[in-house]
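Q:
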Amino acid sequence: MSEVSRRQMLTAGAMGAAGIAATTIAQQVQANTKVPIASETKTNSQGKFANKVVLITGATSGIGEATARAFAKEGAIVHFCGRREALGNKVAQEITAQGGRASYQKTDIRLEQEVKAFIDTCVQKYGRIDIAFNNAGVESSPKTIAERSLEEWLNVMATNATGVFLSMKYELPHLLKQGGGVIVNNASVSGHVGFATIAPYSASKHAIVSLTKVAALEYADRNIRVNAIAPGAVDTPMLRRALAAWNTNFEKVSQEYPIKRIVMPEEIARGVMFLGSDDASCITGMDLDATGGYLTK
Ligand SMILES: NC(=O)c1ccc[n+]([C@@H]2O[C@H](COP(=O)([O-])OP(=O)(O)OC[C@H]3O[C@@H](n4cnc5c(N)ncnc54)[C@H](OP(=O)(O)O)[C@@H]3O)[C@@H](O)[C@H]2O)c1
Numbered sequence: 011m012s013e014v015s016r017r018q019m020l021t022a023g024a025m026g027a028a029g030i031a032a033t034t035i036a037q038q039v040q041a042n043t044k045v046p047i048a049s050e051t052k053t054n055s056q057g058k059f060a061n062k063v064v065l066i067t068g069a070t071s072g073i074g075e076a077t078a079r080a081f082a083k084e085g086a087i088v089h090f091c092g093r094r095e096a097l098g099n100k101v102a103q104e105i106t107a108q109g110g111r112a113s114y115q116k117t118d119i120r121l122e123q124e125v126k127a128f129i130d131t132c133v134q135k136y137g138r139i140d141i142a143f144n145n146a147g148v149e150s151s152p153k154t155i156a157e158r159s160l161e162e163w164l165n166v167m168a169t170n171a172t173g174v175f176l177s178m179k180y181e182l183p184h185l186l187k188q189g190g191g192v193i194v195n196n197a198s199v200s201g202h203v204g205f206a207t208i209a210p211y212s213a214s215k216h217a218i219v220s221l222t223k224v225a226a227l228e229y230a231d232r233n234i235r236v237n238a239i240a241p242g243a244v245d246t247p248m249l250r251r252a253l254a255a256w257n258t259n260f261e262k263v264s265q266e267y268p269i270k271r272i273v274m275p276e277e278i279a280r281g282v283m284f285l286g287s288d289d290a291s292c293i294t295g296m297d298l299d300a301t302g303g304y305l306t307k
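Following my numbering, the numbering of the sequence shown begins with 11 at its first residue and continues without gaps.
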């Protein structure tokens, strides 16, 4: 592999499949993470998001899970989805056991009727949606465009791009009806720059950035803000699969980012919470660079 293509793959953020020993990666993360991550704290029912209803797609693991836990700890009621039922129930039970409020609904984000049912159920259960985090996504395997199957292209686009479109399509009527709300879409560094061998992922993330801008303009004067967040390399199952696929490690990937470390999912959660809060009251249509400086290079 040439140095250029290796670098492109390393910085892509999340692709591939296979298995690196978790302990090795955990050690690498520890070695490369210089910012302390808040340790487990008890739920504060009167916290910053007390009684806010937060809807999250894809919170059975990774960034979505960390964001669900973070909002719940600040007093929010979280309704989330994902396909892996056992994990979804586990996350909801653990949040509840810590004094938080969360419910899981099995949903495949590629299927219109399931997305609609997920969003409608949230409103039926809790009366409204204050903040929606459209996060569910999948990586693509490392292949050039000529090597890529149409099937994989369509699946990644259906999950990442159409999934965000469908989520907003069924969230927005509720937000309009209740007089406002906030949407945050999970994009990526790959939504801004091209990386060789990840066409479906990169195209789908560019689509999310575009959808975010369009939605922001369409609803800006109706008290609805729509933003995205652009993570770089974040320690999640998706990134671990990517590292395995490229036979690389956290240390090498870290060097591609000005921040020189892998970001933790809890840090992305904080960015989502900022965009979802009144602190971002005049911010709409932007994609928050949470890469640790990659997009400034
Ligand atoms: N990790 C990174 O370095 C990085 C960088 C930039 C952007 N991102 C973005 O962050 C988001 C979360 O990824 P992650 O890194 O946290 O990886 P992850 O742990 O693999 O999480 C992906 C989440 O999306 C859900 N999902 C995938 N396909 C779905 C479907 N068809 N229907 C419903 N839910 C689905 C998964 O749930 P089920 O499998 O249970 O369905 C899971 O909860 C993605 O959009 C990803 O592109 C990640």
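All residues carry an ideal CB built from backbone N, CA and C; glycine is no exception.
With DSSP collapsed to three states, give me the class of Gly281.
A: On the sequence shown, residue 281 is found 271 positions in, with the first residue counted as 1. Three-state result, Gly281: helix.
Q: On the criterion of 16 or more Cβ atoms from any shown chain inside 10 Å, does Leu164 qualify as buried, or is it exposed?
A: The residue given as residue 164 occupies position 154 in the sequence shown. Counting Cβ neighbours within 10 Å, Leu164 comes out exposed, since fewer than 16 surround it.
Q: Say yes only if the C-beta of Tyr267 is nearer than 8 Å to one or more non-hydrogen atoms of ligand 1, and no if none qualify.
A: In the sequence shown, counting from the first residue as 1, residue 267 sits at position 257. Not under cutoff, so the answer is no.
Q: Comparing the CB of Val244 with every heavy atom of ligand 1, is any distance shorter than 8 Å?
A: As a position in the sequence shown, residue 244 is number 234, starting the count at 1. For ligand 1, at least one heavy atom lies less than 8 Å from the Cβ of Val244.
Q: Can you tell which of Gly85, Ser113 and Phe81 has its C-alpha closest to the C-alpha of Ala96?
A: Here the question's residue 96 lines up with position 86 in the sequence shown. Considering only alpha carbons, the answer is Ser113.
Q: Taking three-plus beta-carbon pairs below 8 Å as touching, is the region 76 to 95 in contact with the region 136 to 155?
A: Counting Cβ pairs under 8 Å, three or more are found: they touch.
Q: Roughly how many whole angstroms lie between the Cα atoms of Ala213 and Asn196?
A: Locating residue 213 in the sequence shown gives position 203, counting from the first residue. Locating residue 196 in the sequence shown gives position 186, counting from the first residue. Approximately 14 Å, taken between the alpha carbons.
Q: As a quick exercise: from Glu277, Phe128, Arg251 and Leu186, pick the residue whose alpha carbon is nearest that of Ser177.
A: Counting from one through the sequence shown, the residue named residue 177 turns up at place 167. Of the candidates Glu277, Phe128, Arg251 and Leu186, the one whose C-alpha sits nearest the C-alpha of Ser177 is Phe128.
Q: Buried or exposed, going by whether 16 or more other CB atoms sit within 10 Å of the CB of Asp140?
A: Here the question's residue 140 lines up with position 130 in the sequence shown. Counting Cβ neighbours within 10 Å, Asp140 comes out buried, since at least 16 surround it.
Q: Would you say the beta carbon of Gly147 comes nearer than 8 Å to a heavy atom of ligand 1?
A: Indexing the sequence shown from 1 puts residue 147 at position 137. Answer for Gly147: yes, Cβ within range of ligand 1.
Q: Among Thr70, Tyr136, Asn61 and Val166, whose alpha-carbon lies nearest the alpha-carbon of Arg120?
A: For the purposes of this step, residue 120 is taken as the residue at position 110 of the sequence shown. Minimum Cα distance to Arg120 is reached at Val166.
Q: When we look at the beta-carbon of Glu84 and count the other beta-carbons within 10 Å, is it buried (16 or more) or exposed?
A: For the purposes of this step, residue 84 is taken as residue 74 along the sequence shown, with counting starting at 1. Buried: at least 16 other Cβ atoms inside 10 Å.
Q: Report buried or exposed for Cys292, applying the criterion of at least 16 other Cβ atoms within 10 angstroms of its Cβ.
A: Numbered from 1 along the sequence shown, position 282 holds the residue referred to as residue 292. Cys292 is exposed by the Cβ-count criterion.
Q: Grab me the residues of Lys116's own chain with a C-beta within less than 6 Å of its C-beta, minus the 5 sequence neighbours each way, in chain order.
A: Looking up residue 116 in the sequence shown gives position 106. Cβ within range, chain order: Glu95.
Q: Give the secondary structure of His89 by DSSP, where H, G and I count as helix, E and B as strand, and everything else as coil.
A: Here residue 89 refers to the residue found at position 79 of the sequence shown. Residue state, collapsed to three classes: strand.
Q: Report whether the distance from the Cβ of Asn170 to the nearest heavy atom of ligand 1 is below 8 Å.
A: Counted from its first residue, the sequence shown places residue 170 at position 160. Flag set: Cβ of Asn170 near ligand 1.
Q: Report whether the distance from the Cβ of Ile119 to the nearest heavy atom of ligand 1 is below 8 Å.
A: Looking up residue 119 in the sequence shown gives position 109. Ile119: yes, Cβ under 8 Å from ligand 1.
Q: Consult DSSP for Gly191 and reduce its assignment to one of helix, strand or coil.
A: Position 181 of the sequence shown, counted from the start, is the residue given in the question as residue 191. If DSSP states are grouped into helix, strand and coil, Gly191 belongs with the strands.
Q: How long is the line joining the alpha carbons of Ile263 and Ala102, rounded to whole angstroms?
A: What you label residue 263 is simply residue 253 of the sequence shown in a count that begins at 1. What you label residue 102 is simply residue 92 of the sequence shown in a count that begins at 1. Sequence inspection shows Val at residue 263; the Ile mentioned does not correspond to that position. Approximately 32 Å between the Cα atoms of the pair.
Q: Apply the 10 Å Cβ neighbour rule to Pro268 and answer buried if 16 or more other Cβ atoms are within range, or exposed otherwise.
A: Reading the sequence shown from its first residue, position 258 is the one you call residue 268. It counts as exposed.
Q: Cβ of Thr222 within 8 Å of any heavy atom in ligand 1?
A: The sequence position of residue 222 within the sequence shown is 212, counting from 1. Every heavy atom of ligand 1 is 8 Å or more from the Cβ of Thr222, so no.
Q: How big is the Cα-Cα spacing for Lys187 and Gly137?
A: The sequence position of residue 187 within the sequence shown is 177, counting from 1. The sequence position of residue 137 within the sequence shown is 127, counting from 1. Cα-Cα distance, rounded: 11 Å.
Q: Below 8 Å on the Cβ atoms is my contact criterion, and I expect Leu298 with Ala240 to pass it. Report the Cβ-Cβ distance as a whole number of Å.
A: Along the sequence shown, one-based indexing puts residue 298 at 288. Along the sequence shown, one-based indexing puts residue 240 at 230. So it is a contact: roughly 6 Å between Cβ atoms.
Q: How about Ala226 and Met296: are their beta carbons less than 9 Å apart?
A: Working through the sequence shown from its first residue, we reach residue 226 at position 216. Working through the sequence shown from its first residue, we reach residue 296 at position 286. Cβ atoms of Ala226 and Met296: closer than 9 Å.
Q: Regarding Leu248 and ligand 1, is the C-beta to nearest heavy atom distance less than 8 Å?
A: Position 238 of the sequence shown, counting from 1, holds the residue named residue 248. For clarity, residue 248 is Met in the given sequence; the question names Leu instead. Met248: yes, Cβ under 8 Å from ligand 1.
Q: My understanding is that Ala80 touches Glu276, with C-beta atoms under 8 Å, so please give their C-beta distance in whole angstroms.
A: Position 70 of the sequence shown, counted from the first residue, corresponds to residue 80. Position 266 of the sequence shown, counted from the first residue, corresponds to residue 276. Contact flag correct, Cβ pair sits at about 6 Å.
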